[in-house]
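A.B. asks: Here you go, one structure.
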Amino acid sequence: MSTGVKRETLIIGAPASLWLVVLLVIPCLFLLFQSLTPLSGTGLSLENYENLVESGTFQKALRRSIIVSVWVTVLTVLAGYPIALVASRASPRVRTLVMVIVIFPFLLSAVVRAYGWTVILGENGVVNDFLIGIGLIAEPLRLIQNTFAIIIGETHVLLPYMVLSLLTVIQRIDRNLEAAAMSLGASPPVIFFKVVVPLTLPGLLTGMLLVFSLSMTAFATPFLLGGPRSPILTVLMYQYAYTLFDWSKATAVAGVLLVLGLGFVILHRFVSRRLMRDAEAGR
Amino acid sequence: MTYQVTEKLWEKPLIALGRVFLWGSVCFWLVFVLAPVVVTIVSSFTAAEFLTFPPKGFSLRWYFRVMELDWFLTSLQTSLIVATVSTFIATVFAVLAARVLTRHRFRAKGAFEILMLSPLIIPGVVFGFAFFNVVLQFRLEGLSLLNLFVAHSVVTIPLMLRPIWSSMAGTELSLEEAAQSLGATPWTTFWKITFPMILPGIVAGAIIAFTFSFNDITIAIFLVGPETQTLPVQLMSQIEYTPDASPAAITSIIIFFTLILFFIIDRTVGMDVFAQK
Amino acid sequence: MAEVKLTGLSKHYGDFAAASNVSFDVESGSFLSLLGPSGCGKTTTLRMIIGFEQPTAGDIFIDGERINDIKPWLRDLGVVFQNYALFPYMTVAENVAFGLKQRGVEPAEIKRRASKFLELVGLPGKEDRFPRQLSGGQQQRVALARALVIEPRVLLLDEPLSNLDAKLRAEMRFELKRIQNETGVTSVFVTHDQEEALTLSDRIVVMNHGEVVTVGKPKEIWERPTSAFVADFLGVENIFAPDGFEPGAVVIGGKRFAAEHDGQGNRLVGLRSTDIEIGGDADAGLAGRVQQTSYRGSINTYVVDVPGIARPLYISTATDLPIGSNIVLKPRDGAVLILDPDMEIAAA
Chain Y
1 MSTGVKRETL IIGAPASLWL VVLLVIPCLF LLFQSLTPLS GTGLSLENYE
51 NLVESGTFQK ALRRSIIVSV WVTVLTVLAG YPIALVASRA SPRVRTLVMV
101 IVIFPFLLSA VVRAYGWTVI LGENGVVNDF LIGIGLIAEP LRLIQNTFAI
151 IIGETHVLLP YMVLSLLTVI QRIDRNLEAA AMSLGASPPV IFFKVVVPLT
201 LPGLLTGMLL VFSLSMTAFA TPFLLGGPRS PILTVLMYQY AYTLFDWSKA
251 TAVAGVLLVL GLGFVILHRF VSRRLMRDAE AGR
Chain B
1 MTYQVTEKLW EKPLIALGRV FLWGSVCFWL VFVLAPVVVT IVSSFTAAEF
51 LTFPPKGFSL RWYFRVMELD WFLTSLQTSL IVATVSTFIA TVFAVLAARV
101 LTRHRFRAKG AFEILMLSPL IIPGVVFGFA FFNVVLQFRL EGLSLLNLFV
151 AHSVVTIPLM LRPIWSSMAG TELSLEEAAQ SLGATPWTTF WKITFPMILP
201 GIVAGAIIAF TFSFNDITIA IFLVGPETQT LPVQLMSQIE YTPDASPAAI
251 TSIIIFFTLI LFFIIDRTVG MDVFAQK
Chain A
1 MAEVKLTGLS KHYGDFAAAS NVSFDVESGS FLSLLGPSGC GKTTTLRMII
51 GFEQPTAGDI FIDGERINDI KPWLRDLGVV FQNYALFPYM TVAENVAFGL
101 KQRGVEPAEI KRRASKFLEL VGLPGKEDRF PRQLSGGQQQ RVALARALVI
151 EPRVLLLDEP LSNLDAKLRA EMRFELKRIQ NETGVTSVFV THDQEEALTL
201 SDRIVVMNHG EVVTVGKPKE IWERPTSAFV ADFLGVENIF APDGFEPGAV
251 VIGGKRFAAE HDGQGNRLVG LRSTDIEIGG DADAGLAGRV QQTSYRGSIN
301 TYVVDVPGIA RPLYISTATD LPIGSNIVLK PRDGAVLILD PDMEIAAA
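Set out below in structure tokens:
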């Protein structure tokens, strides 16, 4: 095989490569470069990052990002596992129905979802009306424009990712294993916990990583449901950039997010490769 | 001596309990998934001045009302233009990239693949800011429509690439070779043989890219100008000041069209296109 | 009708030689098979003729014209692929018409010719079917019609029968021979199946490790394989090193048997299991003891231990021989094959 790039490959591959390098890679590198060049001094330094890390606003936003992502990960597991299990074992019709319901929101705009949650969780929303109606509370609860609303909204957005990642591993389980366990005298609960659950762990782990990282870097839903007073990192970056015009802080947050995003992708690749190798070795 | 499996009495209620718990939680979460959609659609049919749930009375008045809203009609037009143009640009690049990935061999192929998927690796909001930053540097804020075309075409390339790539990989090389052996030039071969084979992938990819662009806030929020508000951005700012049910009607209209596109995907390539990330 | 000539054709991928110095001629109107195990370079050679691979060295001539630099779509060759490669969303008629359309033939003539060739391959009236509605054998026929309808200079077939089940394969073999006879098209056929090559071909090129091992008529190759590899590939069961050679004879297990050879000492001998006689004079033959038998109907195969030969011999005979019985055996006259040692002999 010749090692040089052929002319035809170059002609076909160059336009898309140039497009992405010029419009995506260079702008991002430029942003990183700016984050490393503080207004005060000359040359490269970590001054912007140091200032950022010391600021209380950043620390709060980082903490909020992590709290939200942990909750979202836990909730999507709690929701995703039963759904994936039912979807993989139910009759084709039930399965299709479940999948349509789970996957359809993939295509929905964040504004549409956020509006729906406002109707449900707002001050005059469904939940508050109901709770006041049954006399449990007198004043409406604040269920929106806070961290709680972000968690609910992000769980809604990211649930399909978890279901799909679990579904792939569950469907790959050899049904003969369960039959074998049964023939050896294992009862359904034993089969579930000793055979099915261990085999789904790789999908669970990669799904959790995926959901956690997407939640850490999500913007639209946290922006719409969290409001300006409960920003997570991405929203904080937007505020610095678009409302406060504090470029040194904005670029530094962007740098942090960029590193986080890349880090998760590398970790995800590493983990899924590792798991795949283990799975193959086990066979 | 032989051993016998003894049936444990406590297992039966446990199994039953497990079943109830399983189905119960599935139902709960499916309601959770559907709730915002259903509540929005149902309340859009209210006859009252203010949005309430459950709705008071039934009417289509808010649907007629939104058809007269200037901001809705202009921003809808902007969004449709942006989504169409950016999808078209991304389609061309994604087809070329898929071709390179399936039919060519070269050393930097791994790097090429990562580059093509990089818009998925870089957080959308960071790309939006980075692009906005460059736009400001070159004082191109005025060209916001063009900026939207370009930025959306960048982020939708990998979304389109996946289905096109897999449909192209599923097209046997020997089909193209057969066509060439029969006298078809590479150009004819592409349009007569390859293109029809990857068309379902292109359709699915285009729908995903179109809806992404049409729905996007994360990137558009940095790039919209006063004259070029996209529908989601405009809707977002209008919702705060609109206590009536017109946002619900608009949202329901969007949901309805999204549903149609969703079923087109299901019919053409199936829902598996959503499965990989 | 055209003749094909390959001279010193090679294809290297880095250090790996997929084909090296391949040379042979295909006479106009004849049927030539490229025979060999997978990875022997036969498909690479075929793909270089078609133009899908660019040779690293050597030339390809069709009717004296060097075609190395001609694009595949201008070579005017008909190709039948292993997986048929029928265009799935085109009907049978559209598939067959494809090549004619590229040549600008007018619709009425396309229709006439397409149905003529569908008739030739035995599929009249199937014009409006889609490939998926046809059986494997029928798809194979469409692929053949599609390749022949353009009246190519040469027909190239890449293991076209290997995806069919045994019965259909035998049937298609005769069909292929009939169609080739009727059209008289020069054909190059790639296969790993010696039976296909023997029954179909005017000449056979046996390849191994990217090189041509031998070229010859089926009868020559079958009756007088020249090397251990060819003999083994054609199913000669017993290949081993003899004790030595004497003028006009070979010494096996201490006994002399008549055989023509060139006097070089490192040759191997080959013996078909069916070429071994049982019984006769104990002094002129080899003594052996039956180790295993396998029942195969009218003829049984026995594994026989012969002192003085490193590996047990396979013998096929209609005679019933119980395990453990002692027998006398000897090769039929002139049946000992003298072979070039181009292959490792597996230990017993």
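Protein chains in written order, with the UniProt record's numbering: chain Y, 1 to 283; chain B, 1 to 277; chain A, 1 to 348.
By construction, the Cβ of each residue, glycine as well, lies at the ideal position given by its N, Cα and C atoms.
These numbers come from a predicted model, not from an experiment.
Pop quiz: Y/H268 and Y/L210 are said to be a contact at Cβ under 8 Å. What is the actual Cβ separation, rounded to whole angstroms?
C.D. replies: Indeed they touch by this definition, with Cβ atoms about 6 Å apart.
A.B. asks: Can you pull the DSSP bridge partners for A/E211?
C.D. replies: Its beta-bridge partners are A/N208.
A.B. asks: Starting from A/R289, follow its DSSP beta bridges and name the residues at the other end.
C.D. replies: DSSP, once it has assigned bridges, lists A/D305 and A/N326 as partnering A/R289.
A.B. asks: How would you label Y/L29, buried or exposed, when you count the other beta carbons within 10 angstroms and need 16 or more for buried?
C.D. replies: Classification for Y/L29: exposed.
A.B. asks: How many Å lie between A/A85 and A/L161 at the Cα?
C.D. replies: Looking at the two C-alpha atoms, the distance is approximately 13 Å.
A.B. asks: Whole angstroms are fine: how far does the CA of B/I239 sit from the CA of B/E172?
C.D. replies: Computed Cα separation, rounded: 51 Å.
A.B. asks: Can you find at least 3 beta carbon pairs, one from the stretch 20-37 of chain Y and one from the stretch 154-166 of chain B, that sit closer than 8 Å?
C.D. replies: Result yes; three or more Cβ-Cβ pairs closer than 8 Å.
A.B. asks: Quick check on A/R75: buried or exposed, where buried means 16 or more other Cβ atoms within 10 Å of its Cβ?
C.D. replies: Counting Cβ neighbours within 10 Å, A/R75 comes out buried, since at least 16 surround it.
A.B. asks: Could you pull the DSSP bridge partners for A/R203 from this structure?
C.D. replies: A/L32, per the DSSP bridge assignment.
A.B. asks: Tell me which residues of the stretch 100-133 of chain A have at least one Cβ-Cβ distance to chain B shorter than 8 Å, keeping chain order.
C.D. replies: Cβ contacts with chain B come from Q102 and R103.
A.B. asks: Which bits of chain B does A/N163 rub up against, with CB to CB less than 7 Å?
C.D. replies: Per Cβ cutoff of 7 Å: no residues; A/N163 is ~12 Å from chain B at best.
A.B. asks: If you scan the stretch 26-108 of chain A from start to end, which runs of the beta strand (DSSP E) of 3 or more residues do you find wholly inside it?
C.D. replies: Listed in chain order, they are 31-35, 57-62 and 77-80.
A.B. asks: Applying a beta-carbon distance threshold of less than 7 Å, which residues of chain Y neighbour B/F262?
C.D. replies: Per Cβ cutoff of 7 Å: F104 and L107.
A.B. asks: Can you check whether the CB of A/V188 is closer than 8 Å to the CB of A/L156?
C.D. replies: Yes. Within cutoff.
A.B. asks: Report the residue ranges of all alpha helix (DSSP H) runs contained in full by the stretch 165-193 of chain B; include only those spanning at least 4 residues, in chain order.
C.D. replies: The stretch 165-193 of chain B contains these whole alpha helix (DSSP H) runs: 173-181 and 186-189.
A.B. asks: To the nearest angstrom, report how far apart A/G288 and A/V304 are at their CA atoms.
C.D. replies: Using only the alpha carbons, I get a separation of about 6 Å.
A.B. asks: So, helix, strand or coil for A/I239, using DSSP?
C.D. replies: If DSSP states are grouped into helix, strand and coil, A/I239 belongs with the strands.
A.B. asks: So that I know if they touch, is there some Cβ in chain Y lying closer than 8 Å to that of B/A169?
C.D. replies: No, because no Cβ of chain Y sits closer than 8 Å to the Cβ of B/A169.
A.B. asks: Once you ignore the five residues that flank A/K255 on each side, which residues in its own chain have a CB closer than 8 Å to its CB?
C.D. replies: Excluding positions up to five away in sequence, the list reads A284, G285, L286 and K330.
A.B. asks: Based on Cα-Cα distance, which residue from Y/L31, Y/T57, Y/M276 and Y/T76 lies nearest to Y/R172?
C.D. replies: Out of Y/L31, Y/T57, Y/M276 and Y/T76, Y/M276 has the C-alpha closest to the C-alpha of Y/R172.
A.B. asks: Residues of chain A with CB under 9 Å from B/I164, in chain order?
C.D. replies: Within chain A, no residue comes near B/I164; the closest Cβ sits about 17 Å away, beyond 9 Å.
A.B. asks: In the DSSP assignment, find the unbroken alpha helix (DSSP H) run with Y/E54 in it and report its ends.
C.D. replies: It spans E47 to E54 - the alpha helix (DSSP H) in which Y/E54 sits, taken as one unbroken run.
A.B. asks: From the DSSP output, which residues share a beta bridge with A/P331?
C.D. replies: Per DSSP, A/I276.
A.B. asks: Please say whether Y/L52 and Y/A241 have beta carbons closer to each other than 8 Å?
C.D. replies: In this structure, Y/L52 does not lie closer than 8 Å to Y/A241 by Cβ.
A.B. asks: Would B/G18 count as contacting chain Y if we go by Cβ distances under 8 Å?
C.D. replies: Taking Cβ atoms only, chain Y reaches closer than 8 Å to B/G18, which makes this a yes.
A.B. asks: Do A/V251 and A/D262 come within 8 Å of each other at the CB atom, strictly closer than that value?
C.D. replies: Their beta carbons are not under 8 Å apart, which means A/D262 does not touch A/V251 by this criterion.
A.B. asks: Are A/T43 and A/D232 touching if we call contact CB-CB under 8 Å?
C.D. replies: Not in contact: A/T43 and A/D232 (Cβ atoms no closer than 8 Å).
A.B. asks: Using DSSP with H/G/I as helix, E/B as strand and the rest coil, what is A/A282?
C.D. replies: Three-state result, A/A282: coil.
A.B. asks: Identify the contact partners of B/V134 in chain Y, using a Cβ-Cβ distance below 9 Å as the criterion.
C.D. replies: Ordered by position in chain Y, the residues that pass the 9 Å Cβ test against B/V134 are L23, I26, P27, F30 and L31.
A.B. asks: Please return the same chain residues whose Cβ sits closer than 7 Å to the Cβ of B/V224, not counting the five positions on each side in sequence.
C.D. replies: Around B/V224: S144, T230 and V233.
A.B. asks: What did DSSP end up calling A/I216 once you bin it into helix, strand or coil?
C.D. replies: The sequence as given places Gly at residue 216 of chain A; Ile does not occur at that position. Strand at A/G216.
A.B. asks: Establish whether the CB of Y/R95 and some CB of chain B are separated by less than 8 Å.
C.D. replies: It does not: the Cβ of Y/R95 has no partner Cβ on chain B nearer than 8 Å.
A.B. asks: Consult DSSP for A/H12 and reduce its assignment to one of helix, strand or coil.
C.D. replies: Strand at A/H12.
A.B. asks: For the stretch 208-239 of chain Y, which segments carrying the alpha helix (DSSP H) assignment without a break, of at least 4 residues, lie completely within its bounds, in sequence order?
C.D. replies: For the stretch 208-239 of chain Y, whole alpha helix (DSSP H) runs of length 4 or above, ordered along the chain, are 220-226 and 233-238.
A.B. asks: Is there a Cβ of chain B sitting closer than 8 Å to that of A/W73, yes or no?
C.D. replies: At least one chain B Cβ lies under 8 Å of A/W73.
A.B. asks: Excluding the 5 residues preceding and the 5 following A/R169 in the sequence, name in chain order all residues of the same chain whose CB lies nearer than 6 Å to its CB.
C.D. replies: Cβ neighbours of A/R169 beyond the five flanking positions: L161.
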